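Since the structure comes first, as structure tokens, the remarks are kept for the end.
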Amino acid sequence: MTSLEMSGDSAQMKPVRLIAAACNDGGIGKDGEMPWDLPSEFKNFRSHVTGVSRPGKMNMMVWGKLCWYSVPKLDFPLPNVLHAVLSTTMETVPDHAHFLCHDLDIAARLAAQPPLADLIETIWIVGGTQVYKDALKHPWCDLVYLTDVMADFDCDVFFPEFDRGLFKKQEGFPDVPSGIQEENGIKYRFQVFKKETGDAV
Ligand SMILES: NC(=O)c1ccc[n+]([C@@H]2O[C@H](COP(=O)([O-])OP(=O)(O)OC[C@H]3O[C@@H](n4cnc5c(N)ncnc54)[C@H](OP(=O)(O)O)[C@@H]3O)[C@@H](O)[C@H]2O)c1
């Protein structure tokens, strides 16, 4: 499928959740790659994006085009996940991905309507910047998983500013390790922000 035009009411809205790791100035990437190597942080990321409540369910991951092409093909595509790549210019589904969508809302509606509606549990937004920006405004967005990498890195791509009055930092959130972690000499901590007003599911 090269593009998807969906219309009508969403039958089964799926939660739209952002997941990212950002350093001190909000940087998330440099020269098309991750600025740091944090295998345990990646393991946590993988556990969230692949996690489902019961067998037979799957999640959808939504990627910007550059992110999709930048990730190691040893790790991706992740098993048991449907991968949707966003692009306004591509015409065919990128290798190893499942869907090409022209915007986030098309991907979200795809997951909410047959035949995927009974399969998909969560839509995970995995960057880059514009995809995160669009997801933060999406009515079905309810959670932001944002690892705080407590160090300075030279970055050229940044996580967008967001309203921390609307998205409130959670304490003791389920399945999220607490406290400061350290790996390869880099300190980091897992954080979750929950949208507490609006149309979130
Ligand atoms: N630290 C982290 O957690 C993290 C997470 C993700 C990414 N990253 C890093 O971020 C960098 C890549 O991010 P990026 O922002 O430069 O690029 P990107 O979002 O991956 O790709 C940009 C392209 O994707 C398409 N696109 C993006 N948002 C779209 C939208 N909402 N609707 C339709 N198409 C959309 C557009 O393609 P067309 O021009 O074809 O329309 C756009 O030119 C890499 O360095 C990566 O390692 C880090």
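Residue numbers for the sequence shown follow UniProt numbering, beginning at 1 and rising by one.
All C-beta atoms in this analysis are idealised placements derived from N, C-alpha and C, irrespective of residue type, glycine included.
All values derive from a computational prediction rather than experimental measurement.
Could you name the residues of the same chain whose beta carbon sits closer than 7 Å to that of residue i, not counting the 5 residues immediately before and after it, in chain order?
i           : result
M6          : Note on M6: pLDDT 42, under 50, position unreliable in the model; the coordinate value appears next. Excluding residues within five positions, the ones whose Cβ falls inside 7 Å are I106, R109, L110, Q113.
L57         : According to the sequence provided, residue 57 is Lys. The question's Leu does not apply to it. Taken in chain order, the residues that qualify are L119, E121.
residue 208 : Nothing can be reported for residue 208, as the shown portion of the chain is limited to 1 through 201.
V52         : M58, N59, E121
K169        : Q191, F193
Residue range of the beta strand (DSSP E) that residue i falls in?
i    : result
V16  : 16 to 22
A84  : 81 to 86
C155 : Per DSSP, C155 belongs to no beta strand (DSSP E) and is neither H nor E.
L100 : 99 to 101
F193 : 192 to 195
F167 : 167 to 169
E183 : 181 to 183
Excluding five sequence neighbours on each side, which residues of the same chain lie with their C-beta closer than 6 Å to the C-beta of residue i?
i    : result
K67  : The residue you asked about is not Lys; residue 67 is Cys in the sequence shown. Counting only Cβ-Cβ distances below 6 Å, and skipping sequence neighbours, we find G127, G128.
F153 : C23, G27, P35
D156 : K30
P77  : H83, H96
L38  : E183
Should residue i go down as buried or exposed, given a rule of 16 or more other Cβ atoms within 10 Å for buried?
i    : result
T147 : buried
H96  : exposed
P79  : exposed
R54  : exposed
Y69  : exposed
L82  : buried
G64  : buried
N44  : buried
G8   : Unreliable positioning characterises G8 in this predicted model, as indicated by a pLDDT of 44, which lies under 50. A coordinate reading is not provided.
D134 : buried
R17  : buried
Can you determine whether any heavy atom of ligand 1 sits closer than 7 Å to the C-beta of residue i, and answer yes or no?
i    : result
K194 : no
S47  : no
T88  : yes
M34  : yes
S40  : no
H102 : yes
C141 : no
Over the uninterrupted alpha helix (DSSP H) stretch that includes residue i, give me the two end residues.
i    : result
L116 : Premise fails: L116 is in no alpha helix (DSSP H) and is neither H nor E.
N44  : 39 to 50
K133 : 129 to 137
W68  : 65 to 70
Within its chain, find whatever has a CB closer than 8 Å to the CB of residue i; leave out the 5 residues flanking it on each side and keep chain order.
i    : result
V201 : With a pLDDT of only 46 at V201, under 50, the local geometry of the prediction cannot be trusted, and no value is derived from it.
S47  : D175
T50  : N59, L78, P79, N80, V81
What whole-angstrom Cβ distance do residue i and residue j have, given they're in contact under 8 Å?
i    : j    : result
I125 : V62  : 5 Å
I186 : V149 : 6 Å
L86  : D103 : 7 Å
Tell me whether residue i, by its Cβ, gets closer than 7 Å to a heavy atom of ligand 3.
i    : result
V131 : Absence of ligand 3 from the depicted structure is noted, with ligand 1 being the only ligands included.
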